[in-house]
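Residue numbers (the working numbering), protein chains in the order written: chain A, 3 to 261; chain B, 3 to 261; chain C, 3 to 261; chain D, 3 to 261; chain E, 228 to 292; chain F, 228 to 292; chain G, 228 to 292; chain H, 228 to 292.
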């Protein structure tokens with residue numbers, strides 16, 4: 003049941019961020035190792051004399067991958083909407099990872115600004131990937147606003163904590179059986195990503211856990227495998243946990259060797 | 003740092019049980035999918051007219067893999083030792099997965115019988131893979147008894163619960179930095195296996211979670227990938243979890259778009 | 003640092019619901035056992051011939067306790083606001099436990115309706131106790147709307163699961179060091195309530211865990227003690243968990259009795 | 003169902019250690035606040051000129067409480083047995099908290115030395131309180147050796163981690179429905195103690211969590227209340243956790259206030 | 228005139244909500260009222276004239292969590 | 228005339244945003260622009276006349292998570 | 228003479244375990260044996276004489292976890 | 228004669244443990260004793276003769292967890 007992200011079917015279920023890598027070379031290798039078909043990008047001020055943005059742009063173009071620009075750092079609907087427009091022009095894509103942040107300590111979504119910005123952008127033809135929480139009521143409104151993908155957090159961005167609220171993420175999956183759901187942010191190790199997929203999520207968006215690992219390229223590969231593994235396991239109907247033990251080796255036919 | 007199991011270096015870090023599969027065909031496909039180089043086997047009574055054991059024997063021989071016979075169902079040192087001897091003759095291997103079970107509800111190791119049987123068998127030239135708990139004092143004695151591999155449980159056999167005592171498993175790994183350690187039993191999904199490897203364990207032994215999955219072949223493959231992923235992540239030095247969030251997209255150079 | 007609930011200082015940190023008890027007698031005894039100074043109540047349709055509401059009203063009046071009426075079951079701002087007005091007249095109190103529910107399966111707050119209803123009611127002179135989530139951005143808006151108390155859920159109402167998102171509840175407490183915070187709903191056992199207080203929360207609101215226990219009166223008493231215990235512990239600066247052990251009995255001066 | 007500790011019925015379910023307090027005065031007040039009827043004590047070398055032991059002895063005598071001497075720091079059966087004999091003479095009690103430690107980093111029980119020492123001491127008329135793990139097979143042997151009480155650890159001594167292996171502690175309780183079981187060591191906050199009692203344990207033994215709290219006297223009181231609360235809750239048959247929510251306020255009779 | 232009281236259709240002569248409530252047996256009871264989803268305070272009931280098809284809600288105290 | 232470009236005060240003669248960007252060295256660069264917090268599409272830049280005190284933002288692609 | 232084979236009573240003439248196993252149809256099969264709880268290696272079977280009431284266990288390979 | 232008391236070398240004349248303890252200042256104190264790792268009950272101390280190199284442990288009550 004491959005999910006459709008605004009009409010695009012992705013083979014890889016890993017979306018990778020491009021920030022905080024030790025070097026462009028390692029970034030490039032990590033992207034390759036991850037097998038990601040989508041990378042997230044952003045915008046920043048540039049003076050007439052600087053070339054950084056141009057260099058990064060050629061780098062990204064060279065990858066030949068789909069880009070998902072974000073509105074990182076935006077705290078208001080207006081900032082997010084203007085940033086989205088600039089991103090659409092610069093990267094020539096309708097896709098936007100919508101971030102409207104309330105609190106700089108937890109970088110948690112401002113769900114009010116998020117829903118409003120999502121509505122404005124969706125009406126303006128954007129295909130919105132909202133970075134949100136596991137809140138069902140917010141999720142409903144994002145869908146009403148026109149979002150066809152949701153990206154709930156696992157834990158605060160960059161915290162490497164994994165899934166803070168497994169129960170909430172399960173409830174969200176149960177509430178939207180057919181909507182593409184992506185766990186975005188907060189993961190630290192591949193087992194976190196595998197667990198996300200085992201909950202039935204459709205993909206995982208990562209950045210810091212890969213970029214700041216000792217070996218980002220190996221870590222990218224590791225996450226890619228774990229995500230595929232978790233997805234495969236979800237489809238293969240795992241055992242339900244039980245409280246009591248059950249012998250794997252049948253007990254019948256055991257030799258009687260006691261006295 | 004590939005670990006050496008009694009002089010044998012295994013490429014695959016998944017050891018697979020052969021019990022409880024829907025059919026021999028599915029068992030064979032699951033083994034292939036898992037990439038396991040070692041499969042566990044057992045013994046059972048057979049009458050002169052039955053052929054089951056013979057059939058299974060040719061099946062196993064046909065795989066051309068290393069076999070690890072177990073002493074499943076043994077409750078006393080004497081049973082375990084006699085079973086080990088029968089297994090060594092039948093399967094022509096010094097390797098033995100030593101199980102001495104105390105309690106049929108939890109199938110938990112009887113650490114007293116286990117250590118004694120390990121000593122007897124090690125002195126008799128066996129290469130013992132003891133199914134034990136995370137208890138450090140027991141582990142020390144198993145090593146003194148001659149064990150060069152330890153296999154602590156994750157959770158009771160067949161419970162699919164994952165790692166019941168992560169703290170204890172960490173302490174065991176820290177106590178034996180150089181000894182091959184295998185998480186044996188109790189895992190249910192690939193994320194459990196990846197987490198085991200992320201703790202620095204060297205391999206995982208599985209049976210029920212694969213055999214009783216809806217699709218054992220896919221599940222075998224999924225576990226294989228998750229184990230490799232977890233191992234790779236351990237080597238790639240993952241991020242430490244932190245309490246507060248950190249932006250993945252740098253904040254400097256952000257456009258000022260507010261009023 | 004006793005907290006002030008709209009100018010009222012409560013000695014007891016347990017707020018108790020009045021619903022689902024086996025009998026009015028047991029309800030009365032449970033309230034007494036709990037030491038609660040505040041009980042939650044609600045409204046329901048009554049025909050001219052029925053007396054249930056009148057009986058319950060005299061019962062409540064007889065308790066001489068402060069009542070906190072709720073807007074249970076309201077799905078829209080309009081329903082919640084009208085219900086709050088009827089409650090204010092009936093129970094003659096400005097206090098209102100504001101519930102605006104989105105989803106009947108999780109009974110989770112509709113944070114959008116909640117904030118709007120809170121604003122309308124606060125402007126109309128109500129003292130609002132909003133049943134909300136651990137979301138910081140929502141919490142900020144509730145405070146802006148005039149709420150001087152917040153009541154985040156521990157888990158879905160009646161689920162007895164305890165604290166689903168300890169991390170989120172910690173972050174909320176850290177974000178509002180001086181605001182009265184009450185864990186409302188989802189607790190099952192006294193250790194859940196003690197843990198809430200150990201996180202620095204100011205009070206706990208309970209109903210089902212007490213009312214549907216085998217012995218509601220004993221359970222009410224048990225929760226009351228656990229809440230006081232948790233609060234006392236929070237103030238007494240508990241030990242930080244550490245990874246390694248530390249002998250409680252000093253090692254110096256040990257007799258040397260080995261060989 | 004008050005449990006009988008070698009013929010002694012204790013009203014208080016908290017056993018308190020006497021070590022590591024800021025001052026004897028605070029120790030005395032903490033003991034009083036805890037309501038403990040049993041305090042643990044130990045032995046140490048004393049020269050002819052020192053008076054410390056004598057002073058402590060009069061202090062303890064003055065409390066008029068039952069003492070439980072420990073064999074802290076013993077690593078061998080011989081040390082533990084000799085220490086137990088010296089303790090029996092000094093404190094004039096058959097009770098002994100038997101500690102045989104393997105590893106100084108985790109201070110975890112050496113279950114082999116423990117069982118052997120328990121047998122020797124029980125045969126010699128001691129009433130043994132073994133500090134053990136949650137291992138069922140070890141527990142069976144301790145009972146065979148004559149122990150009529152078991153004291154499994156919650157976590158390593160002084161770690162304040164709480165219950166590392168809830169599953170294992172549950173299994174132990176289920177395996178010995180009628181044996182007095184005491185959670186000994188590793189707790190940090192009252193909710194840990196309440197949770198232990200909610201699992202059906204009969205008592206809790208504490209030291210560091212109280213002695214090293216900012217306010218040991220308040221913390222002693224807090225633990226005492228939480229333990230009583232947890233016990234009471236266990237007896238009052240708590241709700242089972244459920245996955246879905248259930249309204250505490252009945253839905254029937256709700257006013258229809260929407261349009 | 229036909230109105231709905233707590234969802235049930237009722238026939239009342241009453242000109243005002245106050246009179247209707249008496250006629251319906253609510254006299255002297257501890258209740259609160261809303262008409263067509265809008266709260267009607269007790270003192271105002273006598274000023275509220277009912278119209279055909281009005282939805283009247285009459286609620287009383289109950290247990291709550 | 229004085230405007231702010233990415234927060235820095237700059238002196239420009241330019242009548243339009245397009246001309247100003249050239250003057251500021253942005254000619255042919257991969258950028259996007261906003262004036263006073265409102266997005267200005269590339270084709271429109273030549274029609275946007277700048278006024279004293281205008282806040283111009285000029286952004287380029289960068290790494291993002 | 229009466230012996231027990233895998234728990235079932237059997238009547239055998241055989242003097243040795245080896246002969247008994249043939250008589251019981253185990254000829255040429257992949258098996259391992261124990262008598263009265265003690266392992267008997269294949270080569271030794273011909274030297275092991277059975278006595279009335281002996282408990283013989285004959286096992287073959289099977290699936291295991 | 229040289230013995231070790233709680234690990235320290237001491238010179239004692241004493242023939243028995245009891246006498247030695249008095250000489251060492253333990254008279255009337257609340258203590259328990261072991262010699263060479265073996266417990267010596269109080270009543271027995273007078274019967275225990277010390278030998279050169281004996282290890283004597285003398286312990287008193289202390290705080291414990």
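For glycine and all other residues, C-beta sits at the position ideal for the given N, C-alpha and C.
- Message: Within 8 Å of any Cβ in chain A, is that where the Cβ of residue 247(F) sits?
- Response: It does not: the Cβ of residue 247(F) has no partner Cβ on chain A nearer than 8 Å.
- Query: Bridge partners of residue 72(D), per DSSP?
  - Reply: According to DSSP, residue 72(D) bridges with 99(D).
- Item | Straight-line Cα distance separating residue 153(A) from residue 181(A) | Rounded to the nearest angstrom, the two C-alpha atoms are 11 Å apart.
- Task: Anything in the stretch 273–285 of chain F with a Cβ closer than 9 Å to a Cβ of chain B? List those residues in chain order, please.
- Result: Under the 9 Å Cβ criterion, the stretch 273–285 of chain F contributes 282, 284, 285.
- Whole-Å CB distance - residue 224(A) paired with residue 192(A), under 8 Å assumed: At roughly 5 Å, the Cβ-Cβ gap stays under 8 Å, so residue 224(A) and residue 192(A) are in contact.
- So which residues on chain E does residue 48(C) lean against when the C-beta distance must stay under 7 Å? The answer, in chain order, is 258, 285, 286, 287.
- Would you please verify whether the beta carbon of residue 247(D) is less than 8 Å from any beta carbon of chain I? Among the protein chains in the structure shown, which are A, B, C, D, E, F, G and H, there is no chain I.
- Would you verify that the beta carbon of residue 229(H) is, or is not, closer than 8 Å to some beta carbon of chain D? No, residue 229(H) lies away from the interface with chain D (no Cβ there is under 8 Å from its Cβ).
- Query: If we count the other Cβ atoms within 10 Å of its Cβ and call it buried at 16 or more, is residue 274(G) buried or exposed?
  - Reply: Residue 274(G) should be labelled exposed.
- Message: Less than 7 Å between C-beta atoms, sequence neighbours within five positions excluded: which residues of the same chain meet that for residue 3(C)?
- Response: Unreliable positioning characterises residue 3(C) in this predicted model, as indicated by a pLDDT of 48, which lies under 50. The coordinate reading is nonetheless provided below. Taken in chain order, the list of residues that qualify is empty.
- Item | Per DSSP, cross-strand counterpart(s) of residue 130(C) | Beta-bridge pairing links residue 130(C) to 98(C).
- Indicate whether at least one CB of chain E lies closer than 8 Å to the CB of residue 250(D). Nearest CB-CB separation between residue 250(D) and chain E: below the 8 Å threshold.
- Message: Let me make sure I understand the geometry here. Which of 123(C), 112(C), 138(C) has the alpha-carbon closest to that of residue 110(A)?
- Response: Nearest option by C-alpha distance: 138(C).
- Item | chain E residues whose Cβ lies nearer than 8 Å to that of residue 259(D) | Per Cβ cutoff of 8 Å: 261, 264, 284.
- Task: State yes or no: is the beta carbon of residue 241(F) nearer than 8 Å to at least one beta carbon in chain A?
- Result: Using a CB distance cut-off of 8 Å, residue 241(F) does not count as an interface residue toward chain A.
- Message: Check whether the stretch 275–290 of chain E and the stretch 38–45 of chain C are in contact - that is, three or more C-beta pairs closer than 8 Å.
- Response: Segments in contact, yes.
- Close Cβ partners of residue 78(B) (< 8 Å) along its chain, the five nearest in sequence each way excluded: Same-chain partners within the cutoff: 102, 115.
- Message: Short of 7 Å in beta carbon distance, which residues of its chain neighbour residue 39(D), apart from the five on each side in sequence? Order them along the chain.
- Response: Correct list, in chain order: 12, 13, 14, 67, 68.
- Message: Using the three-state DSSP reduction, which class does residue 289(G) fall into: helix, strand or coil?
- Response: The answer is strand: DSSP assigns residue 289(G) an E or B state.
- Query: Under a Cβ-count criterion, where at least 16 other Cβ atoms within 10 Å of its own Cβ denotes burial, should residue 232(D) be classed as buried or exposed?
  - Reply: Result: buried.
- C-beta contact flag for residue 122(A) and residue 149(A) at 8 Å: Their beta carbons are not under 8 Å apart, which means residue 122(A) does not touch residue 149(A) by this criterion.
- Closer than 7 Å by C-beta to residue 21(A): which residues in its own chain qualify, once you throw out the five before and the five after it? Chain order, please. Excluding positions up to five away in sequence, the list reads 209, 213.
- Message: Cβ closer than 7 Å: which chain C residues qualify as neighbours of residue 292(H)?
- Response: Those within 7 Å of residue 292(H) in chain C are 250, 251.
- Message: In the DSSP assignment, the alpha helix (DSSP H) including residue 236(A) goes from what residue to what residue?
- Response: Taken as a continuous stretch (DSSP letters only), the alpha helix (DSSP H) holding residue 236(A) covers 218–237.
- Item | Cβ distance (whole Å) where residue 127(B) is taken to contact residue 96(B) below 8 Å | So it is a contact: roughly 6 Å between Cβ atoms.
- Query: Do the CB positions of residue 211(B) and residue 241(A) come within less than 8 Å of each other?
  - Reply: Taking C-beta atoms as the reference points, residue 211(B) and residue 241(A) count as a pair closer than 8 Å.
- Message: Strictly under 8 Å for the Cβ-Cβ distance: is residue 56(D) near chain C by that measure?
- Response: So no, residue 56(D) is outside the interface.
- Message: Against chain B, does residue 234(F) count as a neighbour if the rule is that its beta carbon must be under 8 Å from one of theirs?
- Response: At a cut-off of 8 Å between beta carbons, residue 234(F) contacts chain B.
- By a C-beta neighbour count over all protein chains shown, 10 Å radius and 16 as the cutoff for buried, is residue 166(D) buried or exposed? Burial of residue 166(D) is indicated by the presence of at least 16 other C-beta atoms within 10 angstroms of its C-beta.
- Item | Own chain, CB closer than 6 Å to residue 55(C), minus 5 neighbours either side, in chain order | Same-chain partners within the cutoff: 48.
- Determine which residues share a DSSP beta bridge with residue 262(A) and list them. Residue 262(A) lies beyond the range of chain A shown here (3 to 261); nothing can be said about it.
- Task: Could you round the C-beta distance between residue 265(F) and residue 243(F) to whole angstroms and report it? I think they count as a contact, below 8 Å.
- Result: For residue 265(F) against residue 243(F), the beta-carbon gap comes to about 15 Å, at or over 8 Å, which does not count as contact.
- Message: Counting only C-beta atoms, is residue 84(D) closer than 8 Å to chain H at any point?
- Response: Chain H, which has a Cβ nearer than 8 Å to the Cβ of residue 84(D), makes this yes.
- Count the other C-beta atoms from every protein chain shown that fall within 10 angstroms of the C-beta of residue 136(C), then say buried if there are 16 or more, exposed otherwise. Residue environment analysis places residue 136(C) among the buried positions, since at least 16 neighbouring C-beta atoms fall within 10 angstroms of its C-beta.
- Task: Starting from residue 275(F), trace the alpha helix (DSSP H) both ways and give me its first and last residue.
- Result: Looking at the DSSP string, residue 275(F) is not in any alpha helix (DSSP H), and its letter there is neither H nor E.
- Query: Any idea what DSSP makes of residue 90(A), helix, strand or coil?
  - Reply: Helix.
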